[in-house]
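There are 2 protein chains.
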Amino acid sequence: MAPSELYERHRATLESAVEAIRGRHYWSPYPESPSPKVYGEGAAAAGEAAFQAYLGKDFPLDQVGADDRIITERSPYGLPLGVGYPRAGADELIAASAAAGRSWARTDPDERAGVCLEILDRINKRSFEMAHAVQHTSGQAFVMAFQAGGPHAQERGLEAVAYAHDMITGYGRTVRWEKPQRRGEPLVMEKRFRAVPRGIGLVIGCNTFPTWNAYPAVFADLATGNTVIVKPHPNAVLPLAITAAVAREVLAENGHDPDTVLLAAERAEDRIAADLALRPEVRIVDFTGSTEFGDWLEANARQAAVFTEKAGVNAVVVDSTDAYRAMLGNLAFSLSLYSGQMCTTPQNIFVPREGIDTDEGRKTAEEFGADLAGAVTRLLSDPAKATGFLGAIANRGVLDRLSGAAALGEPVLEPAEVVHPDYAEATVRTPAVVRLEADRRDVYGREHFGPISFLIGTAGTEESLRLLRETVAERGALTASVYSTSPEVLEAAEEAAADAGVNLSENLTGQVFVNQSAAFSDYHGTGANPAATSSLTDPAFIAGRFSFIQSRRHA
Amino acid sequence: MAPSELYERHRATLESAVEAIRGRHYWSPYPESPSPKVYGEGAAAAGEAAFQAYLGKDFPLDQVGADDRIITERSPYGLPLGVGYPRAGADELIAASAAAGRSWARTDPDERAGVCLEILDRINKRSFEMAHAVQHTSGQAFVMAFQAGGPHAQERGLEAVAYAHDMITGYGRTVRWEKPQRRGEPLVMEKRFRAVPRGIGLVIGCNTFPTWNAYPAVFADLATGNTVIVKPHPNAVLPLAITAAVAREVLAENGHDPDTVLLAAERAEDRIAADLALRPEVRIVDFTGSTEFGDWLEANARQAAVFTEKAGVNAVVVDSTDAYRAMLGNLAFSLSLYSGQMCTTPQNIFVPREGIDTDEGRKTAEEFGADLAGAVTRLLSDPAKATGFLGAIANRGVLDRLSGAAALGEPVLEPAEVVHPDYAEATVRTPAVVRLEADRRDVYGREHFGPISFLIGTAGTEESLRLLRETVAERGALTASVYSTSPEVLEAAEEAAADAGVNLSENLTGQVFVNQSAAFSDYHGTGANPAATSSLTDPAFIAGRFSFIQSRRHA
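Written out as structure tokens, the structure is:
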């Protein structure tokens, strides 16, 4: 097979990525700063223009279903997007994907990695366009949409390619096997090994992080030789439509079947995800969303390897601190960022009823609650600044839960409406904090997705850690954090987190937040609790997507 | 943590094992030759004496259930073994295993690997004892029992340790993560990563390869920090009882809880495997056996990662050969070895009705069948030699299927009884070969475990390959092989095998047989067809047994 030009072009990047996943050190190939110095003087304007050009038109995607267009999105900032997407049936999608799979499965792993990196590189160059698309589908504020929907998502995609390529090429592709014999010549066999994909990968996207949560699966599937059908959330199609369009362009330019990547847009009531997930040709399903549908997929899509990220009850244990103001500031930002609509936002804050020791003296649980509420209020006091990280409420469900939050306990902080300076119709809300006692596990023991957190009074840190362990083991979590000045408590928290199977952040007071994870270094999820079947990304996220198959003959 | 003495002792072996799994070259740390030159002058006699000493007594295993003894084995060679094993209830087993898990999970991965290698090393030194135990439970002939039940099984165990240790230690355990900031000092975080096990691993053994099929799971579980409950087949307890005893001895000597490995012997009607498999504490299940129970486990043990090896329809496509006699000899041996009671024995031999080209001229399908029957008959003409690789029929089910084989089609070779020169009561049979047409997929499309093979007349090699592809994709297979002098046919066979997800042997004529695979180089199973969920051993066999869990704090 001819050496892959695309692979050679991106080889250094891939090698650095593999080094980074193994070393877990800081590394960032796609700059997160939306600065003209990084992305070029005209990049911001060009990106916005490209986004505007999509509005009210058929999205330029020439694939099955292109004759039947559907419009399903409306921006949480109030804009009717009016973009028409191809709507194809399951049969058409499966047939086209399976046809593309015959050659993609046989494409050299280096070339597949090269194609993936070229796609990511082109998407990276369009990060401003993507930022607008993500902002106006997820409701994320612009800078967050740029970072989380752009470079950070791209890095999570590259990370998956690095794992996949490393795992596939880390084992010999051919070997001359020579077994000595007691008498005479050795037995000699020529053996060939290839990584054979499972088939079609179905990637079911979510409303809030359309690219970030989909890219690891999309690129893991592609790099391991599977074709991909991307089923976006009906509220957040544009970011994945752009992704599919770029992928198809790169595939076609390089002599591959563009149907290796297909978009499966649908009306909310179509339920095409469930149809596709049960098709025998679909051998991998990746899903981010509700526990209900995730569990259904795991129970029913038995012909497929199913990877899910579902609901969880993220926990914070507050024991003591030597940086009270910084702790409050860090927590306030974590609760406010994207109005708590992150699967990583803390929900349950466990605090001893008796209070905590701080550098500002002992604080009762009531004082801590009031101080946290004050920190959030101060953080959000200027609507222009506040909307810069609050973003907008993504959907009706979040809004409804927020309205009901106060009734769940004793309000510590009431949510408020914020008028967005640029988008009068945007639905913007500040977070709610509700006080509960430890015995109200019926309330805090399940996820309340959105800007709703609970301040839970406990008998002490031992009980806090026990509740962290139990609630996370039972309902899952993507994040946990602890504040303590005691090495013993930190050690106990690490043990509790390991037992519950959740990653732990300790004493975050600066510009690192529990709801954020860095690609190549931080694991997102663990696979060790009910919130996710594996990490983005770890070996388990990759290994089930292909099999090694060998042939052997006498030499 | 103090450096692990056991790890240092076995480090060179482990490093060579990791090199071998990555390079796939020949490597063998445990010699397969039962020669006094290798294992020592007194080894054979000592091993036999050790085996004899078990008979008619309580097996020396001090664990839960030791007060309640059961006897369930009878040698296929006629000896009543009369060994009493502890019989514990699921609750006792789970409680003891979970208690041991608390410290084993926290044991350093190097120490865990060291413990595994010490266990394997001691088992290796007792290979003669193990050979007798395997012979008199599985029915394998002595030399095969020595090799497959001893060194080959040990190597498969070591292989799993190599994968596990490599996967766990291939990623940084700690890192100082430094993110440059536009202004000022970098953000610096200290991060720690650990591989956290899932919990208790249940390993359900089989009758025919009690150690070979169990060791990969047992050692993969142990090396990834899980505790193990070994549930042997009631007909084949002794080999796994010896294994558990050695493991517990090594664990205890090195300050670990011996209950890290427990034996769950049962009466056939106890169905303790099903009980244990559904317990929430059991987070990994490995099973070798019937498709029925394997499917049940996959559908019902939802709390666990389930790895199964089930039935399959192994295929041989005969197209042409330039070594007719050698091909017949190789096939005859593959059909006869252990009376076809290997999950890797060829079942379906596809031959064009019109015949095949050979170095002895064109042979019709009828001639080929007669010549194959002749080759088997010649191979088995001397009962003393024949019983040396036929072994004995392991159980009633195999015997019943063999009795009914002739009625399935047109007999090409009738099975015969053989009187074993040493064991008058041994049930020894020669293989049956039955001729069928390609349209009798109702017969050859399912597994007939035992010495039963079908000679299937096809319209040509194209149809043969199509049937290989279809039957393997539908019902699974652990092996496939092809005979052809045509590079195009070999290429097409490789494509068919890759599509069907089965490993392929090509033109085997010498001392390599399709039913044998070499540890560190050959994959056993693929995970890409219904016969197995993954290979012994590939990354997918390991990755689901642990999760990486991290903690991070400001530096």
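First to last, the sequence lines map onto chains A and B. Take any residue in the first sequence, count from 1 to its spot, add 592: that is its number in the working numbering. Take any residue in the second sequence, count from 1 to its spot, add 592: that is its number in the working numbering. Just so it is clear, CB atoms sit at the ideal spot from N, CA and C, and this is done for glycine as well. All of these numbers come straight from a predicted model, not from anything done at the bench.
- Counting only runs of 3+ residues, the beta strand (DSSP E) found wholly inside the region 994–1069 of chain B occupies 1002–1005, 1024–1029 and 1044–1050, in chain order.
- The C-alpha of residue 1066(A) lies about 11 Å from the C-alpha of residue 1120(A).
- Sorting 986(B), 658(B) and 897(B) by C-alpha distance to the C-alpha of residue 1043(B) places 986(B) at the top.
- Residues of the region 600–625 of chain B with a C-beta atom less than 9 Å from some C-beta of chain A are 613, 614, 615, 616, 617, 618, 620 and 625, listed in chain order.
- Within the same chain, and ignoring the five residues on either side of residue 806(B) in sequence, the residues whose Cβ sits closer than 7 Å to its Cβ are 795, 797, 822 and 832.
- Boundaries cannot be given for residue 778(A), as no alpha helix (DSSP H) includes it and DSSP labels it neither H nor E.
- The straight-line gap separating the alpha-carbon atoms of residue 638(A) and residue 952(A) is approximately 50 Å.
- Per DSSP, the unbroken beta strand (DSSP E) holding residue 955(A) starts and ends at 953–955.
- If the five residues before and after residue 1128(B) are omitted, its C-beta is found closer than 7 Å to the C-beta atoms of 748, 808, 1116 and 1117, all from its own chain and listed in chain order.
- For the options 989(B), 1073(B), 1111(B) and 900(B), the alpha carbon positioned closest to that of residue 919(B) is the one of 1073(B).
- At the C-beta level, residue 942(A) and residue 1050(A) come within 7 Å of one another.
- A distance of 7 Å or more separates the beta carbons of residue 852(A) and residue 619(A).
- Taken in chain order, the members of the region 1130–1142 of chain A whose beta-carbon sits within less than 7 Å of a beta-carbon on chain B are 1130, 1131, 1132, 1135, 1136, 1139, 1140, 1141 and 1142.
- Spatial neighbours of residue 1017(A) in its own chain (CB-CB distance under 6 Å, excluding positions within 5 residues in sequence) are listed in chain order as 670.
- For the 7 Å CB-CB criterion, residue 648(B) and residue 674(B) form a contact.
- Under a criterion of Cβ atoms nearer than 9 Å, the residues of chain A adjacent to residue 783(B) are, in order, 616, 1113 and 1114.
- Per the DSSP secondary-structure output, residue 619(B) pairs with nothing in a beta bridge.
- Sorting 815(B), 643(B), 654(B) and 1030(B) by C-alpha distance to the C-alpha of residue 724(B) places 643(B) at the top.
- In chain order, 782 place their CB closer than 6 Å to the CB of residue 1145(A), counting only its own chain and leaving out the 5 sequence neighbours on each side.
- Judged by beta-carbon spacing, residue 1110(B) lies beyond the 7 Å limit of residue 1094(B), meaning their Cβ atoms are not closer than that value.
- In this structure, the alpha-carbon of residue 839(A) lies about 38 Å from that of residue 875(B).
- Taking C-beta atoms as the reference points, residue 962(A) and residue 677(A) fail to come closer than 7 Å.
- Around residue 872(A), the same chain offers 895 as residues with beta carbons nearer than 8 Å, after the five sequence neighbours per side are excluded.
- For residue 727(B), the nearest beta carbon of chain A is not closer than 7 Å to its own beta carbon.
- Ranked by Cα distance from residue 690(B), the options 815(A), 1091(A) and 1104(A) are led by 1091(A).
- Taking a Cβ-Cβ cut-off of 7 Å, the neighbours of residue 1090(B) in chain A comprise 786, 788 and 1141, given in sequence order.
- Sixteen is the threshold: since fewer than 16 other Cβ atoms of the shown chains lie within 10 Å of the Cβ of residue 773(A), the residue is exposed.
- Per DSSP, residue 820(B) is one residue of the beta strand (DSSP E) stretching across 819–823.
- Out of 921(B), 976(B), 1019(B) and 916(B), the CA that lies nearest to the CA of residue 956(B) is found in 916(B).
- Under the 10 Å beta carbon count, residue 751(A) is surrounded by 16 or more other beta carbons and is classified as buried.
- DSSP lists 779(B) as the beta-bridge partner residues of residue 771(B).
- Around the beta-carbon of residue 791(B), 16 or more other beta-carbon atoms lie within 10 Å, marking it buried.
- Interface residue (Cβ-Cβ distance to chain B less than 7 Å): residue 740(A) is not classified as such.
- Using a Cβ-Cβ cut-off of 7 Å, residue 1086(B) counts as an interface residue toward chain A, since at least one Cβ of chain A sits closer than that to its own.
- Taking 7 Å as the CB threshold, residue 763(A) lines the interface with chain B.
- Under the three-state reduction of DSSP, residue 1079(B) is assigned to helix.
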